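Per our numbering, the sequence shown starts with residue 1, numbered consecutively. Notes for the one structure printed next.
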Amino acid sequence: MPEDGAVALKPANMTYEEAAAAPYGTLMALSLLRKVNIQSGQKVLINGASGGIGSAAVQLAKSHFGAEVTGVCSTPRLELVKSLGAGKVIDYTKEDFTQSGETYDLIFDILGKSSFSRCKSSLKQNGRYLLASFKMRQLFQMLWTKIIGSKKVICAMASDKAEDLIFIKELIEAGKIKSVIDRCYPLEKTAEAHRYVEKGFKKGHVVITVEHNKKPNKGTTQENLNNKKKR
Numbered sequence: 001m002p003e004d005g006a007v008a009l010k011p012a013n014m015t016y017e018e019a020a021a022a023p024y025g026t027l028m029a030l031s032l033l034r035k036v037n038i039q040s041g042q043k044v045l046i047n048g049a050s051g052g053i054g055s056a057a058v059q060l061a062k063s064h065f066g067a068e069v070t071g072v073c074s075t076p077r078l079e080l081v082k083s084l085g086a087g088k089v090i091d092y093t094k095e096d097f098t099q100s101g102e103t104y105d106l107i108f109d110i111l112g113k114s115s116f117s118r119c120k121s122s123l124k125q126n127g128r129y130l131l132a133s134f135k136m137r138q139l140f141q142m143l144w145t146k147i148i149g150s151k152k153v154i155c156a157m158a159s160d161k162a163e164d165l166i167f168i169k170e171l172i173e174a175g176k177i178k179s180v181i182d183r184c185y186p187l188e189k190t191a192e193a194h195r196y197v198e199k200g201f202k203k204g205h206v207v208i209t210v211e212h213n214k215k216p217n218k219g220t221t222q223e224n225l226n227n228k229k230k231r
């Protein structure tokens with residue numbers, strides 16, 4: 001960790017697990033949403049709204065930027081995404097948002113599950129298609145759309161700044177955003193946690209907990225070893 005790295009005190013209204021889950025998705029969502037300069041009242045669709053980045057993006061777009069948010073997720077996660085601030089939710093297992101006729105100022109495609117060509121008709125004039133995960137093809141599209149057309153592809157890298165993490169802490173303590181935790185696993189079940197995440201069905205974050213308050217085994221302390229030697 002560099003001296004000027006992203007470090008902040010734990011929010012007073014969070015558990016340690018919630019605080020551990022907060023930085024990754026929230027820092028990335030905040031950094032990327034700032035790059036596209038969302039304005040209050042604009043319509044934003046978040047594709048992948050129930051994951052670690054998506055759940056943070058829904059909350060930030062609504063409570064901080066003042067956007068009208070539509071979240072796209074699967075059936076079991078609809079109520080969660082609504083509770084985070086989405087004014088409308090779309091179940092991707094039943095409806096293709098690109099065929100709904102609705103248009104948006106921003107489509108934030110978290111994992112690139114859709115594409116610019118499919119989303120283009122769902123963007124308003126000067127609309128932006130934002131990606132958090134992208135490949136060379138999307139980079140070429142970004143360069144091309146900078147020159148031609150009013151609808152833009154934005155491939156951006158998030159930055160981790162201490163002042164951003166402190167700002168997020170303030171938003172959390174003000175009750176504007178929260179961590180979404182699906183499951184917590186003890187350290188010894190890390191492999192099981194990875195297998196669960198790899199299934200692709202998690203809501204928000206999966207947290208590994210490390211216990212610090214367990215009493216040591218009486219047979220393995222240095223004091224007991226010394227006592228055994230004396231006997």
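From the three backbone atoms N, C-alpha and C, an ideal C-beta is built for every residue, glycine too. Please read all numbers here as calculations on a predicted model, not as lab measurements.
Measuring CA to CA, which of the options is closest to residue i?
i	options	result
residue 23	35, 133, 182 and 7	7
residue 155	10, 108 and 126	108
residue 27	159, 205 and 102	159
residue 67	105, 97 and 35	105
residue 47	17, 11, 35 and 96	96
residue 204	162, 86, 113 and 18	18
residue 15	172, 141, 200 and 86	172
residue 39	113, 127, 20 and 194	127
residue 117	191, 83, 153 and 147	153
residue 232	35, 61 and 34	Residue 232 cannot be examined here, being either before or after the span of the chain that is shown, 1 to 231.
residue 5	194, 166 and 195	166
residue 110	56, 20 and 80	56
residue 35	21, 65, 13 and 11	65
So who's on the other strand from residue i, going by DSSP bridges?
i	result
residue 185	208
residue 148	In DSSP, residue 148 forms no bridge with anything.
residue 88	70
Assuming residue i and residue j form a contact by the criterion Cβ under 8 Å, report the distance between their Cβ atoms to the nearest whole angstrom.
i	j	result
residue 63	residue 202	Contact flag wrong, Cβ pair sits at about 23 Å.
residue 32	residue 130	6 Å
residue 98	residue 133	So it is not a contact: roughly 19 Å between Cβ atoms.
residue 150	residue 125	5 Å
residue 169	residue 9	7 Å
residue 25	residue 58	The pair is not a contact, with the Cβ atoms about 11 Å apart (cut-off 8 Å).
residue 87	residue 70	7 Å
Touching by the beta-carbon criterion (3+ pairs, under 8 Å), the segment 198 to 211 and the segment 171 to 189: Because the criterion of three Cβ pairs below 8 Å is met, the segment 198 to 211 and the segment 171 to 189 touch.
Beta strand (DSSP E) runs wholly inside the segment 96 to 145, at least 3 long, in chain order: Under the rule that a run must span 3 or more residues, the beta strand (DSSP E) segments found entirely inside the segment 96 to 145 read 104 to 109 and 123 to 131.
The segment 166 to 184 / the segment 49 to 62 touching (three or more Cβ pairs under 8 Å): Contact between the segment 166 to 184 and the segment 49 to 62 is established, with three or more Cβ pairs separated by less than 8 Å.
Meets three-Cβ-pair contact criterion under 8 Å: the segment 74 to 82 and the segment 90 to 104: The answer is yes - the segment 90 to 104 touches the segment 74 to 82, with three or more Cβ pairs under 8 Å.
Unbroken stretches of the beta strand (DSSP E), 3 residues or longer, contained in the segment 45 to 75: Runs found: 68 to 73.
Residue ranges of each alpha helix (DSSP H) within the segment 148 to 177, 4 or longer: Within the segment 148 to 177, the complete alpha helix (DSSP H) segments of 4 residues or longer fall at 162 to 173, listed in chain order.
Minimum length 4: unbroken alpha helix (DSSP H) runs contained in the segment 5 to 46: Annotation: the segment 5 to 46 contains the following complete segments of the alpha helix (DSSP H) (minimum length 4 residues), in chain order: 16 to 35.
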